[in-house]
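This report refers to the structure that appears directly beneath it.
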Amino acid sequence: MKQAKKWLGENADAVAKWAVEITEELTHSGAFYTKEELYTALTDSLPLLTPERTGIPDLSAVPEGRIARRMIVANTAAAVMKNSLSRDFETPQGVQTRYTTDSLLQAEQTIFTQAAEMTAKPTDGQPYADLNDIKKTVDQMADVIVVGSNYTFDMPAEYLKVFDDFLKPANLRIANGPPGSGKSTLAQGLLFALTKEAIENGHEVPDFYASAPSEKAAADIVNDMNLMKHFCLAGGAEEIAERMPKVNGAASLDEMIGQLQSGRIKPGSVLLIDEAGLMGAKQTAALLTAANKRDVRLFMVGDNLQIPPKMAGNGFDQLLQNKDELGLQTCSLRVILRQKTEKESDWTIDIREDNALKALQGYANRRYTGYFFTESGQLTVRCTDQGREERGDPGLQMQEDKEAVYARLTKDFIRYRRECPAGSYVVMGTDEESARDLNLYMRREMIADGLIKNVKNYGTPDQPFELGKGDTLILNSPVKMKASERVDVEEIQAGTQLQIAGEKDGMLIVRRGDQCFDCSPQALCKNAKYGLALPLYQAQGQSKDRAFLAVDKVGCMDKVYGGVAFSRHVRQMSAYVSKQAYPTLEALASEMSVFRTRQPLISDKNGCEILKEQPRRTEEKVAADLKRQAGSEKPAPKDVLLKNRLMKLR
Amino acid sequence: MSEENRIYNFGKYVTSSEEIAEIFFFLKQMESVLSFPPDESVDFLVEKQTAVSGYVSRIKASLRQFMEKAYRIDPDLAEKGTCAGKAVEILDEMKKITFYFRDAALQLPAEKLKDNLLRAAALANQLPAVIAALDAGEDEIK
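Chains as they are written, first to last, in our numbering: chain A, 1 to 650; chain B, 1 to 142.
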């Protein structure tokens with residue numbers, strides 16, 4: 001005991017550093033941690049405090065013995081919990097106190113204060129408050145894009161309001177919307193409108209910069225914005241093209257923040273950040289601080305419901321959730337063009353906006369009663385919303401278990417292929433394992449039905465790999481293939497879906513869309529797997545006439561994945577849900593309402609109270625507490641000893 | 001259906017235990033952290049390694065709660081060869097691989113960080129079956 005206290009006291013600063021590192025580690029996988037998680041993390045890392053792992057030699061001589069080590073953990077944990085920010089959460093087991101770290105709290109406080117400052121600062125605004133003005137600008141831009149890029153640019157009427165909101169004077173403006181809702185066009189529109197405005201009003205055109213959290217997205221947004229100049233040149237807006245500045249990029253967002261911090265970007269410049277939903281809290285805090293200090297106008301576009309590659313907070317989501325408190329005007333891109341069957345684009349929005357039950361009930365009541373083709377050759381469906389009608393295919397149906405889900409989905413899929421061979425489709429499992437099981441089940445039934453034929457084993461006796469005409473594969477790694485009837489060879493990327501169309505001279509003929517390639521069976525055995533059914537993360541980006549979805553387990557359908565699953569179809573949704581996984585629609589909707597990771601700390605009215613928190617300086621306070629505790633172990637002063645002796649004598 | 005008798009179906013594994021379900025949720029989330037593109041930066045790999053170390057602690061804390069509720073024992077005291085012992089052994093090994101202070105981790109070469117993540121992923125793959133067996137009561141039979 002004494003040894004443990006002595007060690008804690010002597011190494012208090014290093015122990016406090018260890019404790020804070022542990023809390024940082026825990027908040028990489030969620031904003032809050034529990035007491036039990038803190039104890040476990042401290043206990044398990046205590047024997048690992050070597051100089052190689054910590055960079056601190058002081059911590060390595062940890063006292064031996066289970067009791068001493070337990071005491072070290074208990075005292076450290078108590079000091080951390082006492083000095084950390086905590087909140088009470090309702091859980092099935094009752095109210096539970098959870099804790100968070102200073103750095104995450106400070107980052108979110110910084111985001112909040114910097115955003116509030118930027119919103120309050122004067123804007124030297126542009127005259128875009130009038131919808132008529134913006135309409136003229138947007139009409140001209142649409143003409144330029146149509147002629148310049150040679151593709152039809154249908155500007156939905158609702159979009160005009162989005163442009164208007166986005167271009168209103170502001171030092172900080174954010175636009176949030178799902179993939180395919182026109183965020184890149186918004187960025188191009190910003191460059192076009194501000195250049196046009198500067199010409200018309202005799203201002204200097206501001207410098208433009210663009211970046212994104214991922215390197216690929218950073219390069220893409222700079223290229224997309226610079227294309228606008230070519231559109232203007234080709235589309236008859238030479239004057240705007242001539243004055244339009246080149247959009248500057250940086251290799252990464254961190255580098256762009258560095259340019260701001262070092263003063264290399266002029267005040268008054270415009271900085272556009274694409275894919276802003278991928279930023280962590282700390283990166284967002286650094287960006288806002290640098291942009292505010294440099295008086296740069298910051299435009300952030302993104303999707304707060306993207307599958308996140310980075311952890312530790314979600315600054316973009318925090319700004320969106322606290323827009324009212326911040327007085328921040330945001331643009332919500334709600335125009336979804338993919339779902340063409342009535343009400344279904346609204347249901348896609350419902351899932352994004354915490355109203356998944358309405359969407360699920362809508363699909364459960366929907367009956368698709370037939371297909372027909374329009375004069376232009378587009379597939380269209382007939383539907384009713386009479387859930388009790390037996391005729392027609394339901395948009396969502398509950399089945400007893402996983403087997404029943406697979407059986408009904410496969411039966412409906414085979415019928416669709418027979419009745420509507422021209423219709424496109426996507427089949428989805430919830431995750432990798434579900435997709436694999438569903439592929440095996442569907443293949444077996446499709447072979448029995450004759451949709452897959454001439455099946456042969458192209459693998460080895462030890463590792464068989466059967467393929468037949470009609471099989472669908474997905475590549476695990478890139479494969480070079482020769483285009484059929486041509487000489488050129490193309491490298492087909494990993495993740496590409498291919499269909500086996502036949503066999504000729506020992507080579508398999510595979511189809512990707514309208515193109516056919518010759519490929520050796522060995523290359524496919526080595527680099528591909530069955531790929532008719534896709535896991536949700538791979539289905540992201542698909543857009544097909546009909547979507548088949550098997551929901552056979554829990555834990556895979558939070559708000560982000562649910563949003564992907566119910567938005568791949570253009571005309572018809574066919575979801576099959578296992579009652580063993582989700583006994584009711586409410587249970588599924590409840591899981592689809594949760595954004596499992598990266599929830600910001602300051603995300604509701606109670607959370608806003610966190611802003612009033614003074615800097616906590618947990619590390620410093622933990623060290624002070626540990627030193628104080630070690631100090632209390634010192635022998636009692638002489639006068640106390642004397643008093644005790646006198647008491648005994650009495 | 002009330003919370004008490006809710007069944008969590010994770011495909012191959014089904015459980016009615018909140019703690020075991022939580023472990024499976026964490027494992028699912030950790031899966032995405034454990035994968036990385038080949039040209040990833042040291043900074044990003046350190047983020048991932050740190051996150052995995054955090055997940056390991058969260059999983060072990062849930063395991064501890066389950067063991068205390070179901071068997072009234074600390075999993076660290078579980079006998080070797082039992083499911084609980086095996087789960088602890090895997091988690092401790094993952095912790096050994098991934099636990100570093102941030103500044104020390106930033107000194108590691110990218111190849112070492114990648115190797116650490118791959119080794120941790122291989123160990124994580126063994127966990128679902130062990131946890132499911134523990135939940136199914138295999139240790140009671142032993």
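Beta carbons: idealized from backbone N, C-alpha and C, even for Gly.
Note that the structure is a prediction, hence the values are computed from the model and not measured.
The alpha helix (DSSP H) with B:V42 in it runs from where to where?
Your numbering for residue 42 of chain B matches position 42 in the second sequence. Counting along the chain, the alpha helix (DSSP H) containing B:V42 begins and ends at 42–70.
By how many angstroms is the C-alpha of A:Y416 removed from the C-alpha of A:S603?
On the first sequence, position 603 is the one that residue 603 of chain A refers to. On the first sequence, position 416 is the one that residue 416 of chain A refers to. Per-residue confidence for A:S603 stands at a pLDDT of 48, beneath the threshold of 50, marking its modelled position as unreliable; the derived number appears in the next sentence. The straight-line gap from Cα to Cα measures roughly 45 Å.
For A:Q538, which of A:E485, A:G502, A:L475 has the nearest alpha-carbon?
As a first step, residue 538 of chain A must be located in the first sequence, where it is residue number 538. Taking only the C-alpha atoms, the option nearest A:Q538 is A:L475.
With a Cβ-Cβ cutoff of 8 Å, do B:V56 and B:L106 count as a contact?
In the second sequence, residue 56 of chain B corresponds to position 56, counting from 1. In the second sequence, residue 106 of chain B corresponds to position 106, counting from 1. No, Cβ-Cβ distance for B:V56 and B:L106 is not below 8 Å.
Below 7 Å between beta carbons is the criterion; list the residues of the segment 26–55 of chain B that meet it against any residue of chain A, in chain order.
K28, Q29, E47, T50, A51, S53, G54, Y55
May I ask you to check if the CB of A:D88 is nearer than 7 Å to at least one heavy atom of the ligand HEM?
As presented, the structure is devoid of all ligands, the ligand HEM included, so that no description of it is given.
Beta-carbon separation (whole angstroms), A:K654 vs A:A581, contact threshold 8 Å
Past the boundaries of the shown model lies residue 654 of chain A; chain A is included only from 1 to 650, so the question cannot be answered.
Nearest-angstrom Cα separation, counted from A:M300 out to A:P583
Taking the first residue of the first sequence as 1, we reach residue 583 of chain A at position 583. Taking the first residue of the first sequence as 1, we reach residue 300 of chain A at position 300. About 40 Å.
Mind pulling the chain B residues with CB within less than 9 Å of A:S45?
Numbered from its first residue, the first sequence carries residue 45 of chain A at position 45. Chain B residues near A:S45: S53, S57, K95, F99.
Beta-carbon of A:V651 versus every beta-carbon of chain B: anything under 8 Å?
Because chain A here runs from 1 to 650, residue 651 of chain A falls outside it and cannot be looked at.
For the structure I just gave you, are there three or more beta carbon pairs, one from the segment 176–191 of chain A and one from the segment 216–231 of chain A, closer than 8 Å?
With a cut-off of 8 Å, the segment 216–231 of chain A and the segment 176–191 of chain A count as touching, because enough Cβ pairs lie within range.
Counting only the same chain and skipping the five closest in sequence on each side, list residues whose C-beta sits under 6 Å from that of A:V247.
In the first sequence, counting from the first residue as 1, residue 247 of chain A sits at position 247. Answer for A:V247: F208, A210, V222, M225, N226, listed in chain order.
Neighbourhood of A:Q497 by C-beta distance below 7 Å, restricted to the same chain and skipping five residues each side
The residue given as residue 497 of chain A occupies position 497 in the first sequence. Taken in chain order, the residues that qualify are T472, I474, G531.
Name the two residues that bound the continuous alpha helix (DSSP H) containing A:M398.
If you number the first sequence from 1, residue 398 of chain A lands on position 398. First-last for A:M398: 396–399, but that is the beta strand (DSSP E), not the alpha helix (DSSP H).
Counting contacts by CB-CB distance shorter than 8 Å, is A:R53 in contact with chain B?
For this step, residue 53 of chain A is matched to residue 53 along the first sequence. Yes, its Cβ sits closer than 8 Å to a Cβ of chain B.
Reference A:L26, options A:R53, A:T100, A:E52, closest by Cα
In the first sequence, counting from the first residue as 1, residue 26 of chain A sits at position 26. For A:L26, the nearest C-alpha among the options comes from A:T100.
Between the C-alpha atoms of A:Q386 and A:Q321, what's the straight-line distance to the nearest angstrom?
Within the first sequence, numbered from 1, the residue matching residue 386 of chain A stands at position 386. Within the first sequence, numbered from 1, the residue matching residue 321 of chain A stands at position 321. Near 37 Å, if we compare the C-alpha coordinates of A:Q321 and A:Q386.
Alpha carbon to alpha carbon, what distance is there between A:T384 and A:G395?
Locating residue 395 of chain A in the first sequence gives position 395, where the first residue counts as 1. Locating residue 384 of chain A in the first sequence gives position 384, where the first residue counts as 1. Distance between the alpha carbons of A:G395 and A:T384: 11 Å.
Cutoff 6 Å; reference A:Q599; Cβ partners in own chain excluding five residues on either side:
For the purposes of this step, residue 599 of chain A is identified with residue 599 of the first sequence, where counting begins at 1. In this predicted model, A:Q599 has a pLDDT of only 49, less than 50, meaning its place in the structure is not dependable; the value taken from the coordinates is given anyway. Cβ within range, chain order: A31.
Which class does B:T15 belong to by DSSP, given the choice of helix, strand or coil?
Taking the second sequence and counting its residues from 1, the one referred to as residue 15 of chain B is at position 15. Reduced to three states, the DSSP call for B:T15 is strand.
Is the CB-CB distance between A:L278 and A:P213 below 8 Å?
Taking the first sequence and counting its residues from 1, the one referred to as residue 278 of chain A is at position 278. Taking the first sequence and counting its residues from 1, the one referred to as residue 213 of chain A is at position 213. Contact flag set, yes.
In chain order, what residues of the same chain have a beta carbon less than 8 Å from the beta carbon of A:V447, not counting five sequence neighbours either side?
Here residue 447 of chain A refers to the residue found at position 447 when the first sequence is read from its first residue. According to the sequence as given, residue 447 of chain A is Ile; it is not Val. Beyond the five residues adjoining it in sequence on each side, A:I447 comes within less than 8 Å, by CB distance, of K453, V455, G468 in the same chain, given in chain order.
Note down the Cα distance separating A:K343 from A:A550, rounded to an integer number of angstroms.
Here residue 343 of chain A is taken as the residue at index 343 of the first sequence, counted from 1. Here residue 550 of chain A is taken as the residue at index 550 of the first sequence, counted from 1. Counting only the Cα atoms, A:A550 lies some 22 Å from A:K343.
What distance in whole Å lies between the Cβ atoms of A:L8 and A:Q399, which are believed to be in contact at a cut-off of 8 Å?
Along the first sequence, one-based indexing puts residue 399 of chain A at 399. Along the first sequence, one-based indexing puts residue 8 of chain A at 8. Contact flag wrong, Cβ pair sits at about 58 Å.
Measure from the C-beta of B:Q65 to each C-beta in chain A and report whether the shortest distance is under 8 Å.
The count along the second sequence starts at 1 and reaches residue 65 of chain B at position 65. At least one chain A Cβ lies under 8 Å of B:Q65.
For A:K41, would you say it is in contact with chain B, using Cβ-to-Cβ distances shorter than 8 Å as the test?
For this step, residue 41 of chain A is matched to residue 41 along the first sequence. Residue 41 of chain A is actually Ala in this sequence, not Lys. Closer than 8 Å: yes.
Using DSSP bridges, identify the partner residues of A:Y458.
Within the first sequence, residue 458 of chain A is the residue found at index 458, counting from 1. For A:Y458, which the question treats as bridged, DSSP gives no partner whatsoever.
Contact set between the segment 333–348 of chain A and chain C, restricted to residues whose Cβ is under 8 Å from the partner:
Looking at the structure shown, chain C is missing, and the protein chains on hand are A and B.
Proximity below 8 Å, CB of A:E52 to CB of A:S103:
Here residue 52 of chain A refers to the residue found at position 52 when the first sequence is read from its first residue. Here residue 103 of chain A refers to the residue found at position 103 when the first sequence is read from its first residue. Contact flag unset, no.
Assess, as a yes-or-no matter, whether the segment 342–356 of chain A is touched by the segment 566–580 of chain A under the definition of 3 or more beta carbon pairs within less than 8 Å.
yes
Using a Cβ cut-off of 8 Å, which residues of the segment 122–137 of chain B contact any Cβ in chain A, in chain order?
Correct list: empty, as no residue qualifies.
Can you check whether the CB of B:A70 is closer than 8 Å to the CB of B:S94?
One-based indexing of the second sequence puts residue 94 of chain B at position 94. One-based indexing of the second sequence puts residue 70 of chain B at position 70. In the sequence as presented, Ser is not what sits at residue 94 of chain B; that position holds Met. Going by C-beta atoms, B:M94 is not nearer than 8 Å to B:A70.
DSSP state of B:V130 mapped onto helix, strand, coil
Within the second sequence, numbered from 1, the residue matching residue 130 of chain B stands at position 130. Helix, per DSSP.
A:E200 classed as buried or exposed, judged by whether at least 16 other C-beta atoms fall within 10 angstroms:
As a first step, residue 200 of chain A is located in the first sequence; it is residue number 200 there, counting from the start. A:E200 comes out exposed.
Nearest candidate by alpha-carbon position, reference A:M592, set A:M573, A:V577, A:G562, A:L585
Your numbering for residue 592 of chain A matches position 592 in the first sequence. With distances taken between Cα atoms, A:M592 lies closest to A:G562.
Helix, strand or coil: which one does DSSP assign to A:S520?
By one-based count along the first sequence, residue 520 of chain A stands at place 520. In the structure shown, A:S520 sits in coil (DSSP, three-state: anything other than H, G, I, E or B).
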